[in-house]
Structures are given as C-alpha cells and as structure tokens.
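> Sequences listed follow chains A and B, in order. The first sequence lines up with residues 186 to 577 when you count with my numbering. The second sequence lines up with residues 11 to 987 when you count with my numbering. For every residue, glycine included, the Cβ atom is placed at its ideal position computed from N, Cα and C. This one's a predicted model, so the numbers in the text were calculated from it and none came from an experiment.
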Amino acid sequence: MTEAEFDVSDDVTAVVEDTQLPRRLKDRVYRTVEERDGVTVEQADEIAKAVETRYLDTRIDPLDPVGTVSAQSIGEPGTQLTMNTFHYAGVAEIDVTQGLPRLIELVDARKTPDTPTMSIFLEDEYATEREKAHEVVWKIEATKILALGDVSTNVADMRVVISLNEDTLAERMITPEEVAEIIEDHLGVQTVQQGATIEFGPEEPSYRDLLQLVEELRDITFKGIEEVSRVVIRREELDDGSEEFVLYTEGSAFGDVLSIEGVDASRTTCNNIHEIYRNLGVEAARETIIEETNNTLAEQGLDDVNVRHLMLVADIMTNRGEIESIGRHGISGSKQSVLARAAFEVTVNHLLNAAIHGEIDELDGVTENVIVGKPIKLGTGDVDLRMGSTSR
Amino acid sequence: MMRNSTPKDIGSINFGLMEPEEYREMSATKIITADTYDDDGFPIDMGLMDPRLGVIDPGLECKTCGKHSGSCNGHFGHIELAAPVIHVGFTKLIRRLLRGTCRECSRLLLTEDEREEFHGDIDRSRKLGRDLNDVTKAAIRQARKKDRCPFCGEVQYDIEHEKPTTYYEVQQVLTSEYSQRIAGAMQGDEEEGIERTTPDELAAKTDIELTRINEILSGSFRPRESQRKAIEKALSIDLTDEDTNKLMPSDIRDWFENIPDEDIEVLGIDADRSRPEWMILTVLPVPPVTARPSITLDNGQRSEDDLTHKLVDIIRINQRFMENREAGAPQLIIEDLWELLQYHVTTFMDNEISGTPPARHRSGRPLKTLSQRLKGKEGRFRGSLSGKRVNFSARTVISPDPTLSLNEVGVPDRVATEMTQTMNVTERNVTEARRFVSNGPEGHPGANYVRRPDGRRLKVTEKNCEELAKKVDPGWEVNRHLIDGDIVIFNRQPSLHRMSIMAHEVVVMPYKTFRLNTVVCPPYNADFDGDEMNMHALQNEEARAEARVLMRVQEQILSPRFGGNIIGAIQDHISGTYLLTHENPRFNETQALDLLRATRIDELPDPSGIDDEGEPFWTGQDVFSELLPDDLNLEFVGTIGDTVVIEDGQLVEGTIAEDEVGAFDGEIVDTITKVYGNTRARIFINEVSTLAMRTIMHFGFSIGIDDETVPDEAESRIQETIDDAYDQVQELIEAYEREELESLPGRTIDETVEMKIMQTLGRVRENAGDIAEEHFDDDNPAVVMAESGARGGLLNLTQMAGCVGQQAVRGERINRGYEDRTLSHYRPNDLSAEAHGFVENSYTSGLSPREFFFHAMGGREGLVDTAVRTSKSGYLQRRLINALSELEAQYDGTVRDTSDTIVQFEFGEDGTSPVMVSSGDENDIDVDHIADRVLDSEFDTEDEREQFLGTKRRETNLSEHADSRRVSDAPEVTSDD
C-alpha cells in the first residue's frame with residue numbers, strides 16, 4: 186500500500202508510527218489529527234495510545250486454542266441443523282442437499298456430493314439475451330433421444346424407428362444427420378435416415394437385441410455434457426438494477442463448462458470442492474469450502490457463525506496443498522502421533538503399524554499428553570510462570 | 011534395571027516388536043501349569059496366578075518387587091510355545107513379505123534400481139507423514155511380478171492366504187492324468203474343427219523323440235518340464251494341477267530370518283526394532299495378574315478374568331502339543347494341535363476376527379481379549395486414557411434461584427461438607443484453620459482431613475476434632491469444606507462448546523439441588539425439568555487462579571461463535587422488560603423503589619413528571635435507565651421494529667425486549683460487555699433480570715385457555731377461508747384429473763399438483779393466523795411473549811387459535827399408510843386435503859381422531875429426526891475437535907499446530923478475535939470519538955484517563971464474594987518484566 190501523505194509534523198509521525206497499529210488505523214489517526222487544529226504531540230500520542238489499546242483488545246490472544254474454539258463453533262450448531270436432506274435452495278426447481286448431511290459431506294470431502302450442482306454465470310450478450318443464454322444451455326444440458334423425438338419399435342421388421350421433432354432439433358441446433366451419425370458411432374449399427382425419421386435394427390433379427398438397442402439408445406448423450414442432466418435458466422437482478430440470466434444445473438462438470446463460449450469463468454461455481462480443486466487449485470478449493478459451509482449454515486438460519494471458524498476448518502483441510510477430509514481418512518488419520526491416531530479410531534491397527542514401522546511418538550500434541558498425563562502445550566499450558574520480585 | 015522405576019516425565023514413546031529373548035528377559039517367571047489356585051486357595055507356583063506376577067489381594071507381598079497390592083504394578087511372565095504361531099495382527103504383512111521375498115534366499119525380489127526408488131519413496135512418505143503402507147503395497151506389487159529371484163534365480167511361486175492365519179505356496183505340477191489328457195487332445199474334435207494329431211506329428215511339433223512320446227502316452231514316462239511345456243503348446247492343453255503346499259509358521263519364521271536388514275528397510279520396516287521373524291511368536295508374554303484380576307464372588311468362589319481363561323486354554327493345548335510330539339504322535343495329530351494352539355493364541359490377541367468363531371465363555375458370551383480391551387468408546391484408549399475419572403466431583407439436579415448472581419452457584423450443604431479444599435496452614439490463617447477443624451466433619455465450615463508436617467494424613471472425626479484443632483499449627487494442611495466464595499467448575503453435558511464448562515463461586519445452601527441463576531441457562535443449554543449438572547472442586551492454586559481469570563461465567567458472556575453475548579435475559583425477563591418499557595407505564599415512588607430493590611440503586615432519580623393528582627411518577631423507561639452505564643449511547647432498530655435510542659445512559663425511546671437485552675446477541679448487553687467490560691456486563695445482566703422479575707410480578711403475567719380463544723365471528727371467518735381453500739384444492743384436483751393442469755418446469759404433473767395443493771393449504775394457515783391475530787389484544791400474554799421474543803411465535807398462536815394446518819412427513823403431505831391411501835377411511839387415490847393430513851381444527855377446538863393420527867405422524871418424524879441428528883452431529887463434533895484441537899494462535903499472530911506447522915499466517919486473515927466482533931459489524935474503532943475525548947480531556951479522575959489510554963488496565967474483580975470486604979488501597983503486586 187502506498188503511504189498516503191498527511192500534513193502532520195514529524196514528531197506526530199514518530200509517535201504514531203511507534204504504535205502497533207496497522208496502516209489503516211495509523212492513516213485514520215493522521216487524518217483525525219490533520220482535521221483538527223492545534224493538536225499537540227502529547228495529545229497525538231495519547232490519541233494513538235488510546236486507539237492502540239482499543240485495537241489490541243480486538244486482537245486474538247496469543248496462545249489462544251483457536252482450533253478447539255472453531256471446532257466447537259461449527260459443531261455446536263450442528264445439533265440445530267435439520268436432517269431433512271432436500272430443501273429448495275434458491276432455485277425452486279433444483280433440489281440440493283442441505284443441513285447436517287451437507288455439512289458432513291463437506292467436512293468428509295466426499296469425492297462427489299450427493300447433489301452436484303453448478304451456478305453458471307454468463308458473459309456479455311449471453312447474459313442479457315434469452316436466445317443466447319439458451320444456446321449455452323443446449324451446450325451444457327445432456328440431450329437424450331427422448332427430448333428430440335419419439336422412439337418406437339417395429340417388431341415385425343425388427344426395426345427401431347425414431348421420428349425426430351424438427352422444431353426441437355432446430356432449437357437445439359442439431360441436424361437429423363448428426364443424430365444418425367451419433368447413433369451409428371455409439372451403437373455400431375447402420376441407420377437409414379430420411380428427413381426427420383431414422384431407422385435402424387439389429388444385425389440379425391432378435392427381439393432381445395432390438396430391446397437392448399432401444400435401451401442403449403436412451404442412454405446416448407446427443408448434445409451437451411453427459412453429467413449435467415438438467416439446466417434451469419433464471420433471470421436475476423444485479424446490484425445495479427440490470428438483469429442477467431444465470432444457469433443452475435443438476436449434475437456438474439465444472440472443467441467442461443468453463444471452456445464453453447459465453448460462460449463467465451470468473452464467476453461460475455460448482456458445489457463439488459474436488460472439481461474446483463482440479464480446475465482452479467487449492468486456494469479456490471479453500472474458498473469454496475468456506476463458501477459452501479457458510480451457505481449451508483446460513484440456509485438454516487445460523488448465518489451468525491463467524492467466518493473465521495469456517496476459514497480455519499477450510500485452511501486445515503487444504504493445508505497440505507490438496508483436500509484432506511476431517512476424520513480417520515484425512516487429518517486425524519495422518520497425525521504424527523501414534524497415540525493420537527489410536528485414540529481416535531481403528532485403535533489396534535495404528536498400534537500394530539507403528540510397531541512395524543518403528544514409529545516414535547514425540548508427545549507433542551493434545552491427545553497424547555492427556556494419555557500420558559502430562560500438561561498440554563496449549564493455552565496456559567504453553568507458558569511457564571516466574572515469580573516476580575515485589576513491586577519496584 | 012528400569013523395571014521398578016516408573017519415569018516421572020515421559021519424553022517420547024518408541025514403538026516396535028519385541029524379540030523372544032526380550033520376553034524371556036523381562037519375564038518374572040515361566041508359566042507351565044494351567045491351574046491357578048490350589049485347594050487351599052493359594053496361587054500355584056509357575057501357574058497363571060503365580061505370586062511373582064504381582065499381587066491383587068490386599069495384604070500380600072509381591073514376590074518380585076516386595077511391594078503391596080496397589081503399589082505393585084505387576085510383572086510379566088512367559089509361556090514357551092511348543093511351536094511357533096503367527097501373530098494375528100500381522101497376517102497381512104506376513105502375506106506381503108512371503109509374496110515379495112525369494113523362497114530360497116529370502117531376498118526382496120527387486121532389482122537394485124527398484125530398491126533405490128522405493129527406498130526414496132519410503133523416506134519421502136516418512137517425512138511427509140503419509141501412510142507407509144501404500145509404498146509397501148506398491149513395492150510388493152512390483153516384486154510379485156518377478157517369476158524368478160533376481161539374485162539366486164530360484165523360481166517363485168504364488169502365495170495363497172487363507173484367513174486368518176494359514177498360508178499356502180501354490181505350485182504348478184504335472185497332473186497325474188497327463189497321459190489321458192494328451193491322448194484325449196490328440197483325438198481331436200470334429201465338431202470344433204480340430205484335427206487329429208498322430209504321435210508322429212506331435213513328435214515333430216515338439217521336438218521330442220517318437221519313442222519318448224509313446225512312453226509318455228503309455229504313462230510310463232513323466233515328461234520333464236520343458237517337454238511338458240512343448241506338448242502343452244502343441245496341443246494347447248493344460249497338463250498341470252495346482253499343488254498347494256502349506257507353510258507352517260516355523261517355515262515362515264525360517265524364511266523371514268534370512269531376509270537381510272537392508273531389504274526390509276525398502277519396505278518401510280524398521281529392521282532394528284522390528285525384525286519380521288518376531289511377527290511369529292515362539293514365546294508368549296503373560297500379562298501380570300494386575301491386568302487380569304480375579305474377583306471373589308459372594309459364595310467364596312473365584313471368578314477369573316477373560317484373559318486368564320484364554321491363557322489357561324493356551325497352556326493346556328501347549329502342553330498337549332508337547333506331550334504328543336514327544337510321544338511321537340502322527341503328523342496329522344500334531345498339525346491339528348498346532349492349528350488349535352494357533353486358534354487360541356489368535357483369539358487371545360483378537361477375538362473379533364471375521365471367519366473365525368469367537369472364543370466363548372461358558373455362558374456363551376464371547377470373551378473380551380486384548381484387542382477388545384483397547385478398542386472403542388469404552389476401550390482402554392478412549393475410555394481410560396483419554397477420559398479419566400476424577401475425585402472431588404459432585405452431581406445433582408439443578409434448580410433456579412434468581413437471587414444468586416450469575417457468577418454464583420448454590421451448592422447443597424451436604425455436597426459442601428463432602429468436597430474439600432486444601433488449606434496450607436500459616437501464621438496468618440492458623441486460627442481460621444483451627445476453627446475449621448474444631449467444627450469437625452459434620453458441622454458446616456468444617457474439615458475432613460488434616461495432614462501433619464510429617465506427611466501423615468489424619469481423618470477428622472466428631473470425636474477427635476476438638477483435640478486435633480488444638481494441634482493444628484503452621485506447616486499443617488487442612489482439608490476444609492467448601493465455603494462461600496470458593497471457586498468450582500460447573501458443567502452440563504453434552505459439553506458442546508467452552509461455555510458448557512464454566513467456573514462459579516460457591517454459595518452454600520440448604521437442600522439437595524444445585525442452584526443457578528436462570529440467565530446462565532443458555533450457555534449450558536439447561537432447563538429445570540430434571541437436568542443434572544456436575545461440579546468439580548479445584549485442588550491447586552494454579553487451577554483456581556486459571557478458573558477465576560479465564561473460566562468464570564462473566565468471562566464467558568461473549569460467545570466466540572458469533573461474537574455476541576450468550577448470557578442475557580431470557581423468557582420472563584424479556585416479558586418483564588417489555589412490560590416495563592413498551593407502553594412506558596408510570597410508577598409512584600414506592601412502586602419504583604420496589605422494582606429496583608434488588609439492584610444497587612437505592613435512590614431514585616428526579617421524577618419523570620408529576621401526574622394529575624400532583625404525585626410524582628417515574629416511567630418504566632426511566633426506571634430501566636437506572637441500570638445503564640451513565641455514558642452509554644446507542645441507537646438501533648429494536649425487536650418490535652421501533653428505534654431504540656439511548657442517550658447518555660438514558661433510554662429515550664424504544665421497547666426493551668429480546669434484541670436489546672436477550673441472550674444471543676442482545677444489543678445493549680453486547681455493547682456494555684465490549685465497551686465497559688465483563689464486570690459491568692455481569693452487574694447489568696444481574697440487575698436487568700431482577701428488575702424484570704420485579705416488573706413481571708408487579709403487573710402479573712399468566713396465560714389461560716381464554717387467551718387463545720377467538721370470538722365466534724372470527725371462528726366462522728376462519729372456517730370460511732378453510733372452505734375456500736378446500737374448494738380451490740378440489741378445483742386443482744379436477745383440473746388434474748381432466749389433465750388440464752400445466753406442469754411446472756422440471757416437474758411432473760403429479761408433483762405439480764402436490765406442490766400447488768401444498769401452497770394453497772399453506773396459505774390457509776397464514777390467513778387463519780391473520781384472522782385470529784386481529785382478535786387478540788396487544789396485552790394478550792401470548793402476543794406479548796411472541797412480540798417481545800420471550801417465548802413462542804405467531805405460529806404457535808395460530809395453531810392454538812386458528813388452525814393447526816398441514817402435517818408433513820419428509821417435506822410432503824402425508825402419503826403413507828395403505829395402498830394408494832393414507833387411511834381406510836378414504837377412497838384410494840383421494841387427493842383431497844383431509845385425506846392427506848390437513849388439520850383444520852385448532853388446538854383449542856381440539857383435533858378429530860384422524861387429524862390426531864396425522865398429527866402424531868408428523869410429530870413422530872420430528873422425534874426420529876432429533877434422535878438421528880444428535881448422534882450424527884456428535885460424531886461430526888468429535889471429528890472436528892480431533893482434527894483442530896492442536897491449533898493455537900502464536901505470539902507472532904500465526905496459527906500453528908503443536909508440531910509447528912503453520913496453518914494460517916494470521917488468524918482469520920486479519921488476526922481479529924472472534925469474541926470481539928459480531929459478524930454484523932466489525933466493532934470498528936471510532937478514532938474521531940477517541941480524539942474528541944482526548945482533546946476535550948473530559949475525564950472525571952486520573953484513573954479513568956489512564957484506563958482510557960490503556961496505560962492502566964481496567965480492574966477486574968476476581969471474587970464477587972470478596973467484593974464486600976475488598977480493601978481498596980491494598981498494594982498491587984506487579985511483575986518485574
């Protein structure tokens with residue numbers, strides 16, 4: 186930060202700079218002193234001292250066991266969260282896991298969440314024009330055959346007959362030829378395409394094969410992203426009063442979506458922390474953990490939980506540069522101390538492995554010291570007391 | 011030897027395997043007989059209860075260390091196993107080692123380059139604290155790919171592992187039916203289009219002489235391996251059979267003994283401390299008797315511990331094994347016994363192995379053996395080591411006492427006389443100490459024990475107390491009873507946050523319950539419907555000082571979770587302050603003084619005005635203002651939506667209710683705590699609660715059926731809205747049945763109709779509530795409580811007076827029960843409101859049986875939900891605490907764990923304490939205001955100025971009890987740094 190220029194004497198600068206105040210507050214002291222006429226150096230010193238006292242009061246105390254406090258601050262409201270898995274979050278059309286199950290899912294760092302979803306923001310004209318926004322939708326939403334037309338089976342001739350809906354095709358920007366080609370690629374059959382009808386059948390007449398083909402046909406994704414089963418468009422108001430289109434999806438494929446034209450990669454998010462991690466890195470993953478836990482709590486009316494606690498949880502989950510879960514497969518399972526691991530879960534295995542690997546428990550942590558009955562090096566246990574001589 | 015000297019301070023703990031010789035060395039005796047006691051009840055020598063293993067019966071002396079029971083920790087013995095057995099805990103590793111090392115030379119089947127690579131991986135994993143097993147697995151996978159040993163060239167076979175402890179070597183050997191198989195293949199198969207092969211052709215294809223071929227075909231010559239392979243290739247048949255060769259533990263042990271140290275290191279095994287052959291036991295350590303004490307039943311019979319039972323089994327089989335082997339029993343019998351011995355040793359270590367039947371007690375209960383003792387919540391680790399039982403604790407029911415300060419706890423006298431504090435007698439307190447002792451153990455401020463300077467502890471009894479009191483002198487210690495002003499720790503489970511354990515000052519009281527001020531209910535989450543709480547008396551000065559300074563209730567007024575106050579007015583307190591300030595009632599002098607009589611205020615301010623009769627009066631707001639600090643200035647939007655204005659400690663405008671003084675972020679309490687400190691906040695909360703109680707008693711506050719009954723006219727209007735809604739629902743259903751309903755985007759028609767019906771019915775309750783509300787006066791107690799935020803909401807009122815509304819299970823209308831219908835009272839597929847749990851009655855009018863049933867369904871879901879939730883969130887909490895417990899803020903502002911790994915460079919990105927901010931505003935520092943004060947130097951005293959500047963800390967009172975006798979001019983002790 187560049188130092189702003191204030192019209193104050195050097196002595197004042199000296200006394201203010203002497204405090205432990207951050208730049209922001211020092212500047213404010215300068216400004217205040219500047220605004221008032223005839224502030225003596227002593228008075229400036231006193232102002233600075235008083236501000237400093239107030240400032241230091243708001244600092245976190247050294248040796249404060251912030252970890253435990255944060256853990257409690259997130260765990261305690263857990264009892265007030267609902268178990269109800271589904272809740273309508275923001276968009277009424279899309280179900281998202283909420284409450285305690287979602288919180289557990291986040292802390293567990295599950296590979297795929299129960300209900301993956303993305304919020305896709307759009308750029309430029311894509312955000313303002315409905316047609317354009319729809320273009321993006323068709324690129325994202327997985328289009329299955331049933332959305333394009335009707336499928337019927339002609340048992341007599343052993344043929345599958347697809348009559349495509351030309352309006353839908355035009356809307357979704359796909360031609361019957363392309364459809365036919367995709368079918369040939371996926372099913373390995375010869376198709377006969379005539380206008381909006383496509384016909385094909387098994388190589389040898391077999392009723393079972395025919396049905397099998399229909400089954401497989403239904404699973405083919407003709408357009409869009411396989412994982413995204415549904416996209417909902419919403420018009421949302423921005424802070425400046427203008428409106429934009431935002432897409433919400435059921436299912437997620439974050440990396441694929443970011444490269445689609447018209448998608449604003451800087452604002453688009455996803456509720457799968459691993460996808461964020463893979464595409465944007467740990468720092469983004471950390472941010473997402475904070476954001477998601479905060480939203481989960483806020484949804485249940487617990488928006489008063491201080492973000493600092495969520496930050497600490499997110500920080501410890503991403504401390505090693507990758508996402509670790511909280512629990513025996515993650516942080517608790519990779520602790521240095523054998524005793525701490527044994528005291529958490531799967532006691533016997535940890536002890537046996539420790540013996541094989543010749544591990545040494547240095548007894549640094551909390552649990553180990555409780556076990557051996559030593560004072561814990563945290564908070565008041567981290568300092569020694571020295572008897573002061575009587576007052577000078 | 012270190013055996014008898016327990017270390018006072020443990021520096022670190024090394025883990026490793028023990029070698030058999032070490033077991034023998036530390037053993038006090040070899041155990042050879044399975045019997046425990048002889049007919050006279052004395053332990054048998056070299057039996058499982060050998061007196062050299064330690065003593066459990068009081069009075070006896072340990073034959074090894076000479077100590078008595080209680081001070082002797084016990085000593086290990088050992089059993090010499092007749093044959094080696096496998097340690098169950100290591101079966102997986104044994105399998106891996108067998109697969110990864112050469113069957114001939116025991117070297118790891120990896121080339122030098124590969125070794126190097128895996129060695130590097132191991133070192134890296136060690137440094138990063140990753141799981142070494144992953145590297146071991148990878149190394150073994152690599153080693154298994156080798157068909158031959160890269161060192162001695164020996165062919166390697168596959169190892170099969172039959173759980174839990176049997177290993178086979180699988181070799182491919184020539185089948186005995188080789189001639190038939192070859193002949194069969196030479197016949198060919200016309201259908202499959204395989205032609206016949208003549209012996210000549212075969213000889214040509216395989217390069218084997220024709221005579222040999224003929225010999226092979228006749229079965230008189232066994233083809234060699236190369237010939238076998240050639241024939242196999244020529245005829246594309248398989249001539250081998252799997253031959254499994256069981257590896258006995260002794261074989262495995264021999265195999266492992268030859269693995270060189272450096273090969274083991276590649277697998278991450280510490281060769282110094284844990285040689286692999288030690289995973290196969292030849293000597294079994296016998297735990298000391300103190301680890302498996304026997305108990306004497308009432309009938310004089312002894313009942314042995316599960317471990318002893320298991321050891322008896324082991325010794326019996328061990329002996330039978332030896333006898334049989336010496337007698338030259340057939341191999342089959344020996345093997346059976348060996349297996350049996352293995353089973354007993356296995357279950358001795360772990361009795362919950364899948365695939366093996368657990369060893370059972372005579373009664374059929376599975377035995378609790380070594381692993382089971384360590385495992386789980388009640389196991390050694392979580393049950394006895396991480397959580398310990400304590401002395402000096404008490405537990406009883408809690409009940410409210412509004413006359414106590416929030417810092418205090420009422421302790422029943424019988425608890426106070428049982429729990430003691432140690433007094434070090436000096437010249438200064440010797441008279442006091444004598445008084446305690448002379449009161450004896452029964453009289454209240456008495457004493458239970460004294461300790462003479464020579465260390466001898468004497469019990470104070472009714473008989474000897476007078477005499478003992480005279481002897482007490484400086485240098486003695488007196489364990490005196492708890493008295494008023496002592497500090498104790500008070501706790502209510504579940505201890506979900508740090509405010510669940512707080513320090514209180516003792517007030518000794520009659521009767522049997524702990525008494526609490528009601529304002530501390532929110533932090534403990536306590537109520538008085540039978541809750542019990544625990545109390546712990548502190549036993550040293552350091553603990554007492556910490557408790558007073560850090561843990562006292564007033565230090566915990568602000569919650570670190572949301573930065574607001576968690577202690578404040580609740581329930582009736584809020585109703586009280588609401589009544590006091592809402593319509594700003596007037597009080598005459600007597601009334602006003604009565605309201606304030608439990609506070610520090612003993613003089614009223616100037617009257618707020620003179621009423622028509624010429625009498626002076628004080629308004630509710632003025633009375634309340636007496637409790638505020640004189641220079642408090644605040645303005646914010648209050649609970650009921652009006653603006654609350656406080657100017658110079660005077661409530662000018664606004665109603666005082668939940669958002670003002672309530673627990674969970676009451677604005678005024680929060681500000682006072684942050685600006686004026688905890689002591690001032692404690693005084694304020696105490697006084698608000700007593701003032702509120704006086705107020706509510708002044709006005710009277712009760713609730714009855716009539717308060718929730720609406721007039722007939724309103725009732726019929728509510729009925730109308732309900733009928734309207736029924737009609738709408740009917741229309742929806744008809745539209746649905748005519749298939750005219752348009753589905754919502756992304757929903758099926760069925761879902762759409764359900765949602766629309768839900769919406770319609772949801773509106774009914776709202777409307778009914780609105781109608782009911784119109785008919786309630788503002789002074790209706792239920793309305794007062796809902797408005798002020800004391801208890802309940804409008805929903806409760808609606809349900810009582812208007813209509814209970816739709817019952818839901820899983821967020822949907824009730825859809826379960828019979829096929830296509832909820833109850834047999836309805837037609838199948840009836841979509842109407844009443845058939846799916848809509849309750850149109852109110853609680854006052856009473857529910858119909860069907861409605862009641864649906865209501866119970868909804869209610870049951872809630873109960874199940876709570877039960878599931880508590881266990882889930884409990885586990886979440888445990889995991890979170892475990893993962894984060896090591897983090898601590900440092901002097902440099904970073905957050906690190908105990909091994910000094912930095913987790914955050916600055917706590918919460920700005921180093922601000924979560925206690926001092928409320929998430930709404932960041933508790934900004936008002937530089938302008940500070941400058942004003944400094945420049946105008948408007949301080950009453952020098953003290954105030956110094957406090958303001960921060961050169962002098964605000965005084966904290968450490969004991970409320972001592973406040974009254976505090977000497978104000980006592981010299982402060984300051985430290986010299």
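Does N361(B) pass the burial test, meaning 16 or more other C-beta atoms within 10 Å, or should it be called exposed?
N361(B) is buried by the Cβ-count criterion.
> Ignore the nearest five residues each way along the sequence and tell me which others in Y853(B)'s own chain have a CB closer than 7 Å to its CB.
Q809, M810 and V814.
> G869(B): beta carbon under 6 Å from a heavy atom of the ligand ZN?
Among the components of this structure there are no ligands whatsoever, and the ligand ZN is therefore not found.
> Please name the residue, chosen from S522(A), V531(A) and N538(A), that lies closest to S22(B) on a Cα-to-Cα basis.
Among S522(A), V531(A) and N538(A), the Cα nearest to that of S22(B) belongs to S522(A).
> Of the choices F646(B), E677(B), D632(B) and G651(B), whose alpha-carbon is the least far from that of G659(B)?
Nearest C-alpha to G659(B): D632(B).
> Count the other CB atoms within 10 Å of the CB of I713(B); is the residue buried (16 or more) or exposed (fewer)?
Looking at its Cβ environment, which holds fewer than 16 other Cβ atoms inside 10 Å, I713(B) is exposed.
> Along the chain, where does the alpha helix (DSSP H) containing W323(A) start, and where does it finish?
Per DSSP, W323(A) belongs to the alpha helix (DSSP H) from R315 to I325.
> With a threshold of 7 Å on Cβ separation, who are the neighbours of E565(B) within its own chain once the five nearest residues in sequence on each side are excluded?
Same-chain partners within the cutoff: N688.
> By Cβ distance below 8 Å, which residues in the same chain neighbour E487(B) in space, the five residues on each side in sequence not counted?
Result list for E487(B): T432, M433, N434, V435, V460 and R461, in chain order.
> Which word fits M572(A), buried or exposed, when buried means at least 16 other C-beta atoms lie within 10 angstroms of its C-beta?
Exposed.
> Between the C-alpha atoms of N417(B) and N696(B), what's the straight-line distance to the nearest angstrom?
For N417(B) and N696(B), the distance between alpha carbons rounds to 9 Å.
> Is A274(A) close to chain B, meaning its C-beta is less than 7 Å from at least one C-beta of that chain?
Unreliable positioning characterises A274(A) in this predicted model, as indicated by a pLDDT of 48, which lies under 50. The coordinate reading is nonetheless provided below. Chain B, which has no Cβ nearer than 7 Å to the Cβ of A274(A), makes this no.
> Would you kindly check if the distance between the Cβ of R283(B) and the Cβ of G26(B) is under 7 Å?
Yes, the Cβ-Cβ distance between G26(B) and R283(B) is below 7 Å.
> With 16 as the cutoff for other CB atoms within 10 Å, does C455(A) come out buried or exposed?
With 16 or more Cβ atoms within 10 Å of its Cβ, C455(A) is classed as buried.
> Give the secondary structure of H491(B) by DSSP, where H, G and I count as helix, E and B as strand, and everything else as coil.
H491(B) falls in the strand class under three-state DSSP.
> Does any CB atom of chain A fall closer than 7 Å to the CB of D280(B)?
Interface residue, yes.
> Quick check: L560(B) and R554(B), are their CB atoms within less than 7 Å of each other?
No.
> Would D641(B) count as contacting chain E if we go by Cβ distances under 7 Å?
Looking at the structure shown, chain E is missing, and the protein chains on hand are A and B.
> Do we get a CB-CB distance below 7 Å when we pair P368(B) with the residues of chain A?
Cβ-Cβ to chain A under 7 Å: no for P368(B).
> Relative to the C-alpha of R692(B), which residue among V647(B), P639(B) and L742(B) is closest?
R692(B) has its Cα closest to that of P639(B), out of V647(B), P639(B) and L742(B).
> With distance defined between alpha-carbon atoms, name the residue in A513(B), S569(B), Y885(B) and S969(B) nearest to R502(B).
Here the closest residue by C-alpha is A513(B).
> Could one say the Cβ of T328(A) lies closer than 7 Å to chain B's Cβ atoms, at least one of them?
Answer no: the Cβ-Cβ gap between T328(A) and chain B never drops below 7 Å.
> Could you name the residues of the same chain whose beta carbon sits closer than 6 Å to that of L968(B), not counting the 5 residues immediately before and after it, in chain order?
Contacts found: R558.
> For V435(B), name the three-state secondary structure that DSSP assigns.
Coil.
> Around the C-beta of E718(B), are 16 or more other C-beta atoms found within 10 angstroms, so that it is buried, or is it exposed?
Looking at its Cβ environment, which holds 16 or more other Cβ atoms inside 10 Å, E718(B) is buried.
> Sorted by chain position, which residues of the same chain lie with C-beta nearer than 6 Å to L468(B)'s C-beta, five sequence neighbours on each side aside?
Answer for L468(B): V460, listed in chain order.
> Please report how far the alpha carbon of E599(B) lies from the alpha carbon of T649(B), in whole angstroms.
Going from the Cα of E599(B) to the Cα of T649(B) covers about 29 Å.
> Could you give the distance in angstroms between the alpha-carbon of G409(A) and the alpha-carbon of A318(A)?
Approximately 14 Å, taken between the alpha carbons.
> Under the three-state reduction of DSSP, which class applies to P61(B): helix, strand or coil?
Looking at P61(B) - three-state DSSP - the assignment turns out to be helix.
> Give me the DSSP bridge partner(s) of Y459(B).
K469(B) and N489(B), per the DSSP bridge assignment.
> Give the C-beta separation of D496(B) and E476(B) to the nearest angstrom, bearing in mind that I take them to be a contact with Cβ-Cβ under 8 Å.
In fact, because the Cβ distance is near 25 Å, the residues do not count as touching under 8 Å.
> With 7 Å as the threshold, decide whether the Cβ of L206(A) is near any Cβ in chain B.
So no, L206(A) is outside the interface.
> Please report the residue range of the alpha helix (DSSP H) in which V555(A) lies.
Taken as a continuous stretch (DSSP letters only), the alpha helix (DSSP H) holding V555(A) covers V551 to V557.
> Starting from K256(B), trace the alpha helix (DSSP H) both ways and give me its first and last residue.
Not the alpha helix (DSSP H): K256(B) falls in the beta strand (DSSP E), residues T250 to L257.
> Which residue's Cα is closest to the Cα of R610(B): E219(B), V878(B) and L701(B)?
Nearest of E219(B), V878(B) and L701(B) to R610(B), Cα basis: L701(B).
> Rounding to the nearest angstrom, what Cα-Cα distance links V407(B) and N575(B) in this structure?
So the two alpha carbons sit approximately 26 Å from each other.
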